[in-house]
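Please read the structure below before turning to the comments.
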Amino acid sequence: MKILVTGGLGFIGSHTVVELQNKGYKVVIIDNCSNSSPDVLQGIQSITGKKPIFEQFDLREKEKVQNFFSRHDDIEGVIHFAASKAVGESVENPLLYYENNLSTLIYILQQLSYKKSANFIFSSSCTVYGQADELPITENAPVKPAESPYGNTKQIGEEIIRDTCKVTKNLKAISLRYFNPTGAHPSAEIGELPIGVPQNLIPFITQTAIGLREKLSVFGNDYPTSDGTCIRDYIHVVDLAKAHVVALQRLIDDKNTTNYEVFNVGTGTGSTVLEVIQSFEKVSGQKLNYQIVGRREGDITAAYADTTKANNELDWKAESKLDDSLSSAWKWEQKVRG
Ligand code: UD1
Numbered sequence: 053m054k055i056l057v058t059g060g061l062g063f064i065g066s067h068t069v070v071e072l073q074n075k076g077y078k079v080v081i082i083d084n085c086s087n088s089s090p091d092v093l094q095g096i097q098s099i100t101g102k103k104p105i106f107e108q109f110d111l112r113e114k115e116k117v118q119n120f121f122s123r124h125d126d127i128e129g130v131i132h133f134a135a136s137k138a139v140g141e142s143v144e145n146p147l148l149y150y151e152n153n154l155s156t157l158i159y160i161l162q163q164l165s166y167k168k169s170a171n172f173i174f175s176s177s178c179t180v181y182g183q184a185d186e187l188p189i190t191e192n193a194p195v196k197p198a199e200s201p202y203g204n205t206k207q208i209g210e211e212i213i214r215d216t217c218k219v220t221k222n223l224k225a226i227s228l229r230y231f232n233p234t235g236a237h238p239s240a241e242i243g244e245l246p247i248g249v250p251q252n253l254i255p256f257i258t259q260t261a262i263g264l265r266e267k268l269s270v271f272g273n274d275y276p277t278s279d280g281t282c283i284r285d286y287i288h289v290v291d292l293a294k295a296h297v298v299a300l301q302r303l304i305d306d307k308n309t310t311n312y313e314v315f316n317v318g319t320g321t322g323s324t325v326l327e328v329i330q331s332f333e334k335v336s337g338q339k340l341n342y343q344i345v346g347r348r349e350g351d352i353t354a355a356y357a358d359t360t361k362a363n364n365e366l367d368w369k370a371e372s373k374l375d376d377s378l379s380s381a382w383k384w385e386q387k388v389r390g
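And the structure:
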């Protein structure tokens with residue numbers, strides 16, 4: 053069965069390609085390599101022994117998208133990762149984000165709507181909940197006004213899919229709302245490759261420990277949490293990748309209850325920034341140089357998932373713990389820069 057993975061050379065995409073191949077799917081990747089490298093193909097192949105088909109082009113080129121689907125009319129499902137994801141950059145350049153994240157989604161959905169049947173998985177984010185009123189966060193929590201154009205592209209993306217599914221009965225879709233993806237493949241053949249200074253916590257920690265950054269700034273210790281630092285739900289990327297495979301399989305097997313569904317993908321456990329640092333120090337045996345500084349604008353106090361729906365309906369549960377995420381991220385960092 054042939055599956056298209058857009059953005060399949062990226063962080064979450066590449067791990068999902070591995071899990072799809074492990075389950076026997078034939079994978080075709082489209083990636084423009086704007087934030088990834090064709091070298092990732094080698095990493096995937098060394099884990100699974102199988103090289104995915106790869107086409108390098110930009111999904112904003114509508115004719116190329118049309119042409120692709122006419123050449124690959126046997127595609128049974130699409131997992132759509134290709135998107136820009138830097139929150140700060142999206143504030144600086146909103147039109148880039150709206151164009152890149154939404155036009156590509158529309159062009160793909162258009163092609164899928166012409167097919168007799170189609171299965172579609174969308175990369176969404178817990179950012180749609182903003183600071184939820186109740187924790188843990190269920191899928192029924194209201195979507196809050198987006199804090200950034202990036203967050204807004206995820207909200208609008210979900211709405212585009214929902215509205216399309218209402219009138220396109222041959223299309224089945226699932227949005228997965230990820231909490232904080234982290235870690236790397238245990239083989240250290242693939243992992244996260246941030247360009248420039250990382251904005252996310254865990255790559256910043258590992259880059260500090262390897263000597264690339266002088267110290268980590270912890271953004272605020274005056275939040276109403278156990279130690280004053282923010283709480284997030286850090287999910288291992290391999291667990292997250294597996295959630296995509298079971299979600300896709302649910303659609304292929306016609307087990308979905310409606311033709312558009314939404315699932316949280318997290319561990320269900322919240323960790324503070326200081327707990328993440330402690331976990332890193334434990335698994336790496338290194339002291340981390342860090343300093344408490346002021347709050348970062350736009351940060352919410354706490355977010356962690358209620359994963360009951362995914363546990364029950366997808367029969368999926370995160371297996372890795374925070375320590376596993378940090379040790380795999382550290383192993384990967386040492387391989388990349390060591
Ligand atoms: C960020 C984005 C969010 C996006 C998510 C994707 C912002 C405001 N939010 O979420 O929209 O969906 O990434 O992964 O950018 N921290 C530090 N020092 C650092 C970096 C982070 O203390 O150098 C803290 C943050 O304050 C936060 C936690 O670590 O409490 C996690 O931060 P981060 O990895 O950036 O993720 P989010 O803020 O959850």
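Under this note's numbering, the residue at position 295 of the sequence shown is numbered 347, and the numbers go up by one with no gaps.
Built from N, CA and C at the ideal position, the CB exists for glycine as well.
Among the options, nearest to residue i - alpha-carbon criterion
{"i": "L394", "options": "H288, L253, N311 and T319", "result": "Past the edges of the chain, shown from 53 to 390, lies residue 394, and the structure says nothing about it."}
{"i": "I262", "options": "I64, Q386 and E71", "result": "Q386"}
{"i": "N74", "options": "G62, N152 and K102", "result": "K102"}
{"i": "T68", "options": "E333, F109, Q163 and I173", "result": "I173"}
{"i": "S323", "options": "D375, P197 and G203", "result": "D375"}
{"i": "Q259", "options": "D110, L154, V388 and T58", "result": "V388"}
{"i": "Q207", "options": "I99, K221, P188 and S227", "result": "S227"}
{"i": "Y149", "options": "D126, K196, Y202 and G59", "result": "Y202"}
{"i": "D83", "options": "I131, T179, S331 and K334", "result": "I131"}
{"i": "I304", "options": "S331, V270, L366 and V335", "result": "L366"}
{"i": "L378", "options": "G235, Q330 and N273", "result": "G235"}
{"i": "Q162", "options": "D285, E141 and L111", "result": "L111"}
{"i": "G59", "options": "I99, Q97 and E107", "result": "E107"}
{"i": "S372", "options": "D306, Q301, Y286 and L300", "result": "Y286"}
{"i": "E210", "options": "H296, P255, E115 and C178", "result": "C178"}
{"i": "E313", "options": "A225, P255, V80 and P238", "result": "A225"}
{"i": "L72", "options": "V219, R347, Q301 and T321", "result": "Q301"}
{"i": "Y230", "options": "Y181, V249, V219 and E186", "result": "Y181"}
{"i": "K137", "options": "T190, K78, E115 and N153", "result": "N153"}
{"i": "I257", "options": "R347, W384 and K167", "result": "W384"}
{"i": "G248", "options": "W368, A240, R265 and F109", "result": "R265"}
{"i": "F133", "options": "E144, L147 and L157", "result": "L157"}
{"i": "D351", "options": "Q251, H296, N119 and V297", "result": "Q251"}
{"i": "Q94", "options": "K78, V70, D126 and E113", "result": "V70"}
For residue i, the three-state DSSP class (helix, strand or coil)
{"i": "E191", "result": "coil"}
{"i": "H124", "result": "coil"}
{"i": "E241", "result": "coil"}
{"i": "A225", "result": "strand"}
{"i": "K339", "result": "coil"}
{"i": "S278", "result": "coil"}
{"i": "A170", "result": "strand"}
{"i": "V270", "result": "strand"}
{"i": "R214", "result": "helix"}
{"i": "T220", "result": "coil"}
{"i": "L164", "result": "helix"}
{"i": "I247", "result": "coil"}
{"i": "P255", "result": "helix"}
{"i": "S175", "result": "strand"}
{"i": "K196", "result": "coil"}
{"i": "L61", "result": "coil"}
{"i": "L264", "result": "coil"}
{"i": "K387", "result": "helix"}
{"i": "K206", "result": "helix"}
Presumed contact (8 Å Cβ cut-off) between residue i and residue j, rounded CB distance
{"i": "A357", "j": "G318", "result": "3 Å"}
{"i": "H288", "j": "A370", "result": "7 Å"}
{"i": "E128", "j": "K221", "result": "About 17 Å separates the two Cβ atoms, so there is no contact after all."}
{"i": "S86", "j": "S142", "result": "Rounded, the Cβ-Cβ distance is 14 Å, inconsistent with contact."}
{"i": "A96", "j": "I242", "result": "According to the sequence shown, residue 96 is Ile rather than Ala. The pair is a contact, with the Cβ atoms about 6 Å apart (cut-off 8 Å)."}
{"i": "P246", "j": "P255", "result": "5 Å"}
{"i": "S88", "j": "L56", "result": "So it is not a contact: roughly 16 Å between Cβ atoms."}
{"i": "A293", "j": "I99", "result": "A293 to I99, Cβ: 12 Å. No contact."}
{"i": "S66", "j": "V92", "result": "5 Å"}
Same chain only: Cβ atoms within 7 Å of residue i, ignoring 5 sequence neighbours per side
{"i": "K334", "result": "D375"}
{"i": "T277", "result": "I283, T324, T353 and A354"}
{"i": "L223", "result": "L164, S165, A170, F172, T216, C217 and N311"}
{"i": "S336", "result": "A261 and W382"}
{"i": "V117", "result": "L111, Y159, I160 and Q163"}
{"i": "A184", "result": "A193 and A355"}
{"i": "Y77", "result": "M53 and I55"}
Own chain, CB closer than 8 Å to residue i, minus 5 neighbours either side, in chain order
{"i": "V270", "result": "T281, V325, L326, I329, Y342, Q343, I344 and V345"}
{"i": "L187", "result": "G322, A354, A355 and Y356"}
{"i": "D279", "result": "N273, T324, L326 and E327"}
{"i": "A198", "result": "T179, V180, G182, N204, K206 and Q207"}
Residues near residue i by beta carbon distance below 6 Å, same chain, minus five either side
{"i": "V139", "result": "S200 and Y202"}
{"i": "R214", "result": "Y312"}
{"i": "Y275", "result": "C282 and T353"}
{"i": "A135", "result": "N153"}
{"i": "D306", "result": "none"}
Mind pulling the alpha helix (DSSP H) runs of 4 or more residues that sit fully within the stretch 77-154? 92-100, 114-123, 139-144 and 146-150
Inside the stretch 294-379 only - beta strand (DSSP E) runs reaching at least 3 residues: 312-317 and 342-345
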